[in-house]
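Residue numbers (UniProt numbering): 1 to 551.
What follows is a short report on a single structure.
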């Protein structure tokens, strides 16, 4: 991932995620048609350009009005979207041939063609137009890296369109999760003639965007708009599955405001967290939705060129064992989130041979244990030659962050005598920059996957990975994780075992990070509304299968 949509280097984005895509409302009246639904968003929609920098609200919107080669069914399985069938894959797993359905249309009635994908993908790697998500192409498609670095023209990208309904893709190496990438927004199509006619205005408002998804966008005037509408796309190939005519969206950044809109029936969904979640959890219209989002603390081992106390392995273990995560999730968060005792989330990926969940295969790591924490602390003090240790905890200045930080400070200082935690909060942009430059001791982070594969998590802590801003360097960890992308790429079981072993190195051996909790999204939802599809990876939500009961 990248420091855009899903990097959540600081908890600010985490608190936003409690709210993201949790419904919306455009209603000015309590009266609405049965085929219209009102939802809330917690921020403005920034762009509908899939090859631009993006955020959660934009990704949610894009997933309603566009469709890629593959999409996700109600159980997050990959199924054909614009593609007519699953791909033909060469024996060496580097050549993909994909046939497109002939009835996939743009909202202007023209056919979605293979060249629409070729054009969009070239824009995604061309240094003049590429978003940060170009890394997904660079890690997979032939010549993408060289094009992005300006060494080759975009025309050399390993993707061609022999005819309107055939797409051929050449990878630089086998990529086990490539089909997952093909369901991700940055891999969506763009119609060249339309995009070039709009110029810089493409994707900046409803009128300057062309659609091929279940819905089209209406009433969106740009990134300052507080309202917009998803309207059923009559040109969509699978329109029979879309039963809702319109979904009206209203921006409500405050939880209390959202709850008020829901209570007055101006919204059909309202996000909850903290005290609100605990207050409403026994109501019949209270729901929790699974997330694959993991919050954790980065433990920075070097700052300003010098080793921090966190370079000490025993101290990192002590901190990990000193936090009562059950108390954090049940007493502080109260929204259904649960303790994370590993890097990878529960119910995300499964053993390719047995179907067992990763968390079951890997087990729990670094669980709360005050006695063991005290032993590690004594060892750390001896090795560091001091009885007092002061650490800075960095985060943004949102209320959710401050509440969690108050809890963590109490846990560390109560369970680890001699440890002092200084809380440092500031606007999210400033806190993110300090994290990127490794100018911190502890910082709160979160990660939600772009695609369905352990690599999206495990690669974060490679010594040479650009998102590793905590100066963690383990040759053993590097070897295990990198083997999954090279020698073991075509050996699913051995690859899986390498991921399991690497998590044990990261946590049991090195205590390199401090996993805190796996998010759950808590909402109030109108019981008449069903079919809101929450995804564990990629775009947060799909609205294609939403239904509203008439009575």
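All residues carry an ideal CB built from backbone N, CA and C; glycine is no exception.
None of these values were measured; they are calculated from a predicted model.
Spatial neighbours of residue i in its chain, beta-carbon cut-off 8 Å, leaving aside the 5 residues before and after
i	result
residue 149	127
residue 285	524, 525, 526, 527
residue 28	Low per-residue confidence applies at residue 28: pLDDT is 37, beneath 50, and the placement is therefore not dependable enough to give any value.
residue 194	106, 108, 202, 210
residue 365	341, 342, 503, 504, 507, 508, 515
Pairwise C-alpha distance: residue j and residue i
i	j	result
residue 354	residue 92	24 Å
residue 78	residue 448	18 Å
residue 223	residue 199	17 Å
residue 350	residue 492	11 Å
residue 87	residue 100	10 Å
residue 56	residue 386	45 Å
residue 444	residue 405	9 Å
residue 392	residue 424	7 Å
residue 273	residue 337	10 Å
residue 214	residue 42	23 Å
residue 383	residue 309	10 Å
residue 15	residue 44	Because the pLDDT of residue 15 is 35, which lies under 50, any placement of that residue in the model is unreliable, and the question is left without a value.
residue 472	residue 478	10 Å
residue 275	residue 419	29 Å
Neighbourhood of residue i by C-beta, 6 Å cutoff - its chain only, sequence neighbours within 5 removed
i	result
residue 549	528
residue 558	The structure shown has nothing for residue 558, since the chain only spans 1 to 551.
residue 156	143
Closest residue to residue i among the options (Cα-Cα distance)
i	options	result
residue 171	180, 151, 197, 138	138
residue 65	50, 479, 84	50
residue 522	157, 279, 477, 208	279
residue 501	372, 125, 204, 458	458
residue 254	497, 515, 519, 40	40
residue 103	97, 125, 80, 118	80
residue 133	543, 544, 542, 538	538
residue 70	455, 260, 117	117
residue 212	111, 403, 301, 122	111
residue 97	462, 338, 160	160
residue 446	291, 173, 310, 242	291
residue 320	413, 192, 207, 258	413
residue 257	245, 361, 480, 271	271
Where the beta strand (DSSP E) through residue i begins and ends
i	result
residue 99	95-99
residue 36	36-41
residue 121	Unbroken run through residue 121 is the alpha helix (DSSP H), 114-125; no beta strand (DSSP E).
residue 215	215-218
residue 395	389-396
residue 494	Note, residue 494: premise wrong, no beta strand (DSSP E); alpha helix (DSSP H) at 492-504.
residue 525	513-525
Residue i - DSSP class collapsed to helix/strand/coil
i	result
residue 303	strand
residue 180	helix
residue 244	coil
residue 271	strand
residue 74	coil
residue 235	coil
residue 549	coil
residue 157	coil
residue 487	coil
residue 82	coil
residue 556	The requested residue 556 does not occur in the structure, where the chain is confined to residues 1 to 551.
residue 319	helix
residue 297	strand
residue 190	coil
residue 535	coil
residue 28	For residue 28, the predicted model reports a pLDDT of 37, less than 50, meaning its position is unreliable; a value from the coordinates is still stated below. In this structure, residue 28 counts as coil in the three-state DSSP scheme.
Close-in-space but distant-in-sequence residues of the same chain around residue i (CB under 7 Å, 5 per side omitted)
i	result
residue 26	Low local confidence applies: a pLDDT of 35 at residue 26 is under 50, so the model's placement there is unreliable, and no value is given.
residue 346	357, 359, 518
residue 324	368, 411
residue 181	136, 140, 187, 451
residue 216	65, 107, 231, 233
residue 2	The predicted model places residue 2 with a pLDDT of 40, which falls under 50 and marks its position as unreliable, so this point remains unresolved.
residue 511	313, 316, 317, 320, 366
Where the alpha helix (DSSP H) through residue i begins and ends
i	result
residue 370	370-384
residue 332	Premise fails: residue 332 is in no alpha helix (DSSP H) and is neither H nor E.
residue 261	255-263
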